[in-house]
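Engineer:
Number of protein chains: 2
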Amino acid sequence: MPKLVVRSFAISLDGYSAAPGQSQQAPFGRDGLRLMGWAFKTKVMGAMFGTGGGEEGIDNDFMAKANDHVGASIMGRHMFGPPPDAADPDAWTGWWGEEPPYHHPVFVLTHQEKPPLAMKGGTTFTFVTDGIESALQQAFAAAQGKDVRLAGGAATVRQYLKAGLIDELHLVQVPLLLGQGERIFEDLRGVEDLYECVEFTPSPAVTHLRIVKKAK
Amino acid sequence: MPKLVVRSFAISLDGYSAAPGQSQQAPFGRDGLRLMGWAFKTKVMGAMFGTGGGEEGIDNDFMAKANDHVGASIMGRHMFGPPPDAADPDAWTGWWGEEPPYHHPVFVLTHQEKPPLAMKGGTTFTFVTDGIESALQQAFAAAQGKDVRLAGGAATVRQYLKAGLIDELHLVQVPLLLGQGERIFEDLRGVEDLYECVEFTPSPAVTHLRIVKKAK
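Residue numbers (the numbering used here), protein chains in the order written: chain A, -11 to 204; chain B, -11 to 204.
1. If you draw a straight line from the C-alpha of Lys205/B to the C-alpha of Val58/B, how long is it?
2. Look up Leu164/B in the DSSP assignment and say whether it is helix, strand or coil.
3. Grab me the residues of Val136/B's own chain with a C-beta within less than 8 Å of its C-beta, minus the 5 sequence neighbours each way, in chain order.
4. From Leu1/A to Pro192/B, what does the alpha carbon distance come to, in whole angstroms?
5. Suppose the cutoff is 8 Å on Cβ atoms and the five residues either side in sequence are ignored; what does the same chain contact list for Val186/A look like?
6. Give me the Cα-Cα distance between Gly41/A and Val94/B, rounded to the nearest whole angstrom.
7. Closest Cβ-Cβ distance between Gly215/B and chain A: below 9 Å?
8. Under the rule that 16 or more other beta-carbon atoms within 10 Å means buried, what is His158/A, buried or exposed?
9. Which stretch, first to last residue, makes up the alpha helix (DSSP H) that contains Phe173/A?
10. Along the chain, which unbroken stretches of the beta strand (DSSP E) at least 3 residues long are found entirely within the segment 97 to 170 of chain A?
11. Quick check on Thr195/A - is its C-beta less than 9 Å from some C-beta in chain B?
12. For Tyr90/A, tell me which candidate among Met36/A, Glu101/A, Ile120/A, Ala7/A has the shortest Cα-Cα distance.
13. Could you run through the segment 177 to 189 of chain A and flag, in chain order, every residue whose CB is less than 7 Å away from some CB of chain B?
14. Does DSSP put Met24/B in a helix, in a strand, or in coil?
15. Are the CB atoms of Tyr148/B and Leu165/A nearer to each other than 9 Å?
16. If contact is defined by three or more beta carbon pairs under 8 Å, each pair taking one atom from either stretch, is the segment 21 to 30 of chain A in contact with the segment 101 to 117 of chain A?
17. For the segment 78 to 85 of chain B against the segment 45 to 57 of chain B, are there 3 or more C-beta pairs whose distance is under 8 Å?
18. Which residues of the segment 142 to 161 of chain B have a Cβ closer than 9 Å to any Cβ of chain A? Give them in chain order.
19. Put Glu180/A into one of helix, strand or coil per three-state DSSP.
20. Return the residues of the segment 32 to 64 of chain B that lie within a Cβ-Cβ distance of less than 9 Å from chain A, sorted by chain order.
21. Put Pro93/B into one of helix, strand or coil per three-state DSSP.
22. From the DSSP output, read off the bridge partner residues of Phe188/A.
23. Rounded to whole angstroms, what is the Cα-Cα separation between Pro15/B and Ala75/B?
24. Are the beta-carbon atoms of Glu180/A and Asp19/B separated by less than 9 Å?
25. Looking at the C-beta of Phe173/A, does it have a partner C-beta in chain E at a distance below 9 Å?
26. Quick check: the Cα distance between Gly3/B and Val116/A, rounded to an integer number of angstroms?
27. For Gln168/B, which residues in chain A fall below 7 Å Cβ to Cβ?
28. Quick check: the Cα distance between Met33/B and Glu44/B, rounded to an integer number of angstroms?
29. Take Lys29/B and list the residues in its own chain whose beta-carbon comes closer than 6 Å to its own, dropping the five residues that flank it on each side.
30. What does Leu164/A reach in chain B if we use C-beta pairs closer than 9 Å?
31. Determine whether the beta carbon atoms of Ser(-4)/A and Val96/A lie at a separation below 9 Å.
32. According to DSSP, is Ala54/B part of a helix, a strand, or is it coil?
33. Does the beta carbon of Asp2/B come closer than 9 Å to any beta carbon on chain A?
34. Mapping the DSSP letters down to three states, classify Gly34/B as helix, strand or coil.
35. Three-state secondary structure (DSSP) at Met67/A?
36. Using the DSSP secondary-structure output, state which residues sit across from Glu43/B in a beta bridge.
Here it is as structure tokens:
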């Protein structure tokens, strides 16, 4: 059965995944980019985005596997953008330039209807206005038997987790304080009955956690 | 300068340090005791409480050092008790039996005035009704040049952290979900400007984090 998975999703030691103050220069909010430092140092990210990263090891292994068997993605409206300071919001085509690194269909949860956007390299953005279950159905159909990756942000992951729709969640706990922002784990009473952490892999920089649905 | 320190304070992967449902059988709340599993397995805790623990290694090393250079402790009212289901609340003398493992003066934050309690082995419980700064002053005086350890619980640690009174915080991130409970990191905007994580030590079971005040 195809799964809905979250991969390489970073949370700070005080539990935040995005900081306030999103702008064109700060896609993860003020200081939020620090959450991704461990990822930018990896060889995989270095090759993908020219972040200068070249490290191999545990973190790189996780990044290398993040899109294995993934046929479509889902993301929330803030993860796609535009940020509040975008000069021409209607011309916004995402944070990733002409050729986004997805190379498969991406479903963006939003309240605003927009025609699909076909980008270079096989990424298409489809805007879904009728809720998380509809986006999931469309994504599974587009993935043609492969898994669907829920890319983020925190509020979107929380919604799917609350609905019990996520099959597997790979979180990366990063040892830094953000002080404020958006949490996955908020208002999730009962999540401890539905999910459990089954794998715990520390790297020199962060801790990788694999959380799955409990067997019934 | 003597410091106010927090040592070996466990938080779940969703950020909780105590679960609701505190009772005589559940000092850490429903399921909250699972947060302490890593500690009970250590040789130090095994010797102290007969928990059956005998493991050496990183976790045991941290437990062994937890009271180094500590001359007094502070704790919140729930950490001392009594729990809601105590048969005779007025006769309550704490969770730890006749000889508590502190062996030094302990200051308990509460709203209810009570005479001090002298226990076997050098532990005395003094009940402080005029706030966290008063408790800290009394504890530093009693510690006679040594450090003061803030034992918990989460709400008490949060109060001292918010006031910027903690010098060093050793947290233990445990890879399990509690779903609800009490957090240290809640309503702490600005904590990221005052404090930073300077040490990150994974063990096979948990992640140890050392957080200190930033240099001015």
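Using N, Cα and C, we set each Cβ at its ideal position, and we do this for glycine too. Computed from a predicted structure; not experimentally measured.
Structural biologist: By the coordinates alone:
1. The shown model of chain B, from -11 to 204, leaves out residue 205/B, and the question about it has no answer.
2. By 1-based counting over the second sequence, the position of residue 164/B is 176. Leu164/B falls in the coil class under three-state DSSP.
3. Numbered from 1 along the second sequence, position 148 holds the residue referred to as residue 136/B. Within the same chain, Val136/B has close Cβ partners Pro(-10), Lys(-9), Leu(-8), Val(-7), Val58, Gly59, Ala60, Ser61, Ile62, Leu124, Ala127, Phe128.
4. The residue given as residue 1/A occupies position 13 in the first sequence. The residue given as residue 192/B occupies position 204 in the second sequence. So the two alpha carbons sit approximately 18 Å from each other.
5. Looking up residue 186/A in the first sequence gives position 198. Excluding residues within five positions, the ones whose Cβ falls inside 8 Å are Arg198, Ile199, Val200.
6. Here residue 41/A refers to the residue found at position 53 when the first sequence is read from its first residue. Here residue 94/B refers to the residue found at position 106 when the second sequence is read from its first residue. Going from the Cα of Gly41/A to the Cα of Val94/B covers about 50 Å.
7. Since the first residue shown for chain B is -11 and the last is 204, residue 215/B is missing from the structure and cannot be characterised.
8. Position 170 of the first sequence holds residue 158/A. That one is buried.
9. Taking the first sequence and counting its residues from 1, the one referred to as residue 173/A is at position 185. Taken as a continuous stretch (DSSP letters only), Phe173/A belongs to no alpha helix (DSSP H), as it is neither H nor E.
10. 112 to 116, 135 to 140, 156 to 162
11. If you number the first sequence from 1, residue 195/A lands on position 207. So yes, Thr195/A belongs to the interface.
12. In the first sequence, counting from the first residue as 1, residue 90/A sits at position 102. Nearest of Met36/A, Glu101/A, Ile120/A, Ala7/A to Tyr90/A, Cα basis: Met36/A.
13. Arg177, Gly178, Val179, Glu180, Tyr183, Glu184, Cys185, Phe188
14. Position 36 of the second sequence, counting from 1, holds the residue named residue 24/B. Of the three classes helix, strand and coil, the one that applies to Met24/B here is helix, per DSSP.
15. As a first step, residue 148/B is located in the second sequence; it is residue number 160 there, counting from the start. As a first step, residue 165/A is located in the first sequence; it is residue number 177 there, counting from the start. Contact: no.
16. no
17. no
18. Leu159, Gln161
19. Looking up residue 180/A in the first sequence gives position 192. Correct three-state label for Glu180/A: helix.
20. none
21. Taking the first residue of the second sequence as 1, we reach residue 93/B at position 105. Strand.
22. Taking the first residue of the first sequence as position 1, residue 188/A is located at position 200. Bridge partners of Phe188/A: Leu197/A.
23. In the second sequence, counting from the first residue as 1, residue 15/B sits at position 27. In the second sequence, counting from the first residue as 1, residue 75/B sits at position 87. Roughly 15 Å between the two C-alpha positions.
24. For the purposes of this step, residue 180/A is identified with residue 192 of the first sequence, where counting begins at 1. For the purposes of this step, residue 19/B is identified with residue 31 of the second sequence, where counting begins at 1. With a cutoff of 9 Å on beta-carbon distance, Glu180/A and Asp19/B are scored as near each other.
25. Given the protein chain composition of this structure (A and B), no chain E is represented.
26. What you label residue 3/B is simply residue 15 of the second sequence in a count that begins at 1. What you label residue 116/A is simply residue 128 of the first sequence in a count that begins at 1. Using only the alpha carbons, I get a separation of about 32 Å.
27. To locate residue 168/B, count along the second sequence from 1; it is residue 180. Residues of chain A passing the Cβ test: Arg177.
28. Translated into positions along the second sequence, residue 33/B becomes position 45. Translated into positions along the second sequence, residue 44/B becomes position 56. Met33/B and Glu44/B: Cα-Cα distance of roughly 11 Å.
29. Within the second sequence, residue 29/B is the residue found at index 41, counting from 1. Excluding residues within five positions, the ones whose Cβ falls inside 6 Å are Gly41, Glu43.
30. On the first sequence, position 176 is the one that residue 164/A refers to. The answer, in chain order, is Glu180, Glu184, Cys185.
31. Translated into positions along the first sequence, residue -4/A becomes position 8. Translated into positions along the first sequence, residue 96/A becomes position 108. Not in contact: Ser(-4)/A and Val96/A (Cβ atoms no closer than 9 Å).
32. Walking along the second sequence from the start, residue 54/B turns up at place 66. Of the three classes helix, strand and coil, the one that applies to Ala54/B here is coil, per DSSP.
33. Taking the first residue of the second sequence as position 1, residue 2/B is located at position 14. By this cut-off, Asp2/B is an interface position.
34. Translated into the one-based positions of the second sequence, residue 34/B becomes position 46. In this structure, DSSP gives Gly34/B a helical state, which the three-state scheme calls helix.
35. Locating residue 67/A in the first sequence gives position 79, counting from the first residue. In the structure shown, the three-state DSSP call for Met67/A is helix.
36. Your numbering for residue 43/B matches position 55 in the second sequence. Answer by DSSP bridge pairing, in chain order: Thr30/B.
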